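Okay, structure first, notes after.
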Amino acid sequence: SGNIVGFEALLRWNHPDRGMLPPGLFIPLAEQTELIHSIGKWVIREACRQNMEWQDKGYPPVVVAINLSVEQFRNRRLTSMIAEELAISRLMPEYLDIEITESIAIHAPDYIISILKQFKALGVSISIDDFGTEYSSLSRLKDLPIDNLKIAMEFIRGIGRSSRDDAIAGAIVNLAKSLDLKTIAEGVETEEQLAFMQENSCDIIQGFYYYRPMPAREAEQLLQKSKALKPELK
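1183 is the number of the first residue of the sequence shown in the working numbering; add one for each residue after it.
Shown next, in the form of structure tokens:
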């Protein structure tokens, strides 16, 4: 439809000497020192606060997605902390989406599956990020309490250039539909990629074709210009 239906929160560190750093340069260290728990709490709080601020200003509700690392699941208060931040911000849980990588989802021990089920009980949605990059057990996939599959960017980039990437991207959409899940094409940059995913009935498009990462104030300007929005996903 062309409507904005959500945003993904992307963490950056504005280092005083090195400038803007992507998460790959500091999250591994944060996980080793357990700073990931305080950083993760801040991300959840800001995502909920910002989303509710937009709603309070009268913009139609959208979803904001956050990423969780495997280390964060070791926090026994993770579910209660998310519930607390939702309550503090007054954000309804259906407007928060939690993204986990395919490796976490497929190879997760039972305690992580239990936490994912707690998330679902809260009412938040769950997405598997970078889907297709791991060897997935379909029997495992069908038992996961998830809502969305995000097709890995490496397959999206190959659309129109690799028949195998075309086939894989299309197959993931069909797999998701058979499991009653939504699909998100991540990393769409060209008309050809967009057209292919639309023709294959992908639910949601995300990528530089539409917008590059931006601060919240610029995202709000998009909401100001946007027509009627739907509470689905980015």
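Think of the CB as a built atom: it goes at the ideal place given N, C-alpha and C, for glycine as much as any other residue.
On a predicted model such as this, the values are computed, not experimentally measured, just so you know.
Less than 8 angstroms between C-beta atoms, sequence neighbours within five positions excluded: which residues of the same chain meet that for residue i?
i, result
"I1328", "A1287, L1298, I1308, S1309, I1310 and L1363"
"L1304", "T1261, I1264, A1265, L1268 and P1275"
Whole angstroms are fine: how far does the CA of residue j sit from the CA of residue i?
i, j, result
"K1409", "P1204", "Caution is warranted here: a pLDDT of 48 is assigned to K1409, below 50, making its placement in the model unreliable, and no coordinate value can be reported."
"P1413", "Q1388", "Model confidence at P1413 stands at a pLDDT of 37, short of 50, so the residue's coordinates are unreliable; what they give is reported in the following sentence. The alpha-carbon atoms of P1413 and Q1388 are separated by roughly 15 angstroms."
"I1269", "R1346", "Rather than Ile, the amino acid found at residue 1269 in this sequence is Ala. Using only the alpha carbons, I get a separation of about 46 angstroms."
"P1243", "N1233", "8 angstroms"
"A1290", "E1368", "23 angstroms"
"I1338", "A1353", "12 angstroms"
"I1386", "Y1393", "14 angstroms"
"E1402", "V1245", "13 angstroms"
"Q1300", "F1255", "12 angstroms"
"M1335", "T1315", "9 angstroms"
With 16 other CB atoms within 10 Å as the buried threshold, where does residue i fall?
i, result
"G1188", "buried"
"N1249", "buried"
"A1247", "buried"
"D1279", "buried"
"K1416", "Confidence at K1416 is low in this model, with a pLDDT of 47, below 50, so its placement is unreliable and the value that follows should be read with caution. By the 10 Å Cβ count, K1416 comes out buried."
"L1323", "buried"
"G1222", "buried"
Following the continuous alpha helix (DSSP H) through residue i, name the residue where it begins and the one where it ends.
i, result
"K1223", "L1217 to D1238"
"M1335", "M1335 to R1339"
"V1355", "S1345 to S1360"
"E1400", "A1398 to K1407"
"A1377", "E1373 to E1381"
With the cut-off set at 8 angstroms, would you say residue i and residue j are in Cβ contact?
i, j, result
"L1420", "F1313", "Shown here, the chain extends from 1183 to 1416; a query on residue 1420 therefore has no answer."
"L1361", "W1236", "no"
"T1283", "I1333", "no"
"A1229", "A1265", "no"
"E1253", "E1281", "no"
"S1271", "R1231", "yes"
"H1197", "N1257", "no"
Whose C-beta lies closer than 7 angstroms to the C-beta of residue i among residues of the same chain, with five residues either side of it excluded?
i, result
"I1341", "D1347, D1348, A1351, E1374, Q1375 and F1378"
Where does the unbroken beta strand (DSSP E) through residue i begin, and where does it stop?
i, result
"S1309", "S1307 to F1313"
Cβ of residue i within 7 angstroms of any heavy atom in the ligand FAD?
i, result
"N1382", "Summarising the ligand content, the structure contains no ligands, and the ligand FAD is consequently not present."
CB-CB under 6 angstroms to residue i, same chain, minus the five flanking residues each way: which ones, in chain order?
i, result
"Y1277", "N1233, P1243 and V1245"
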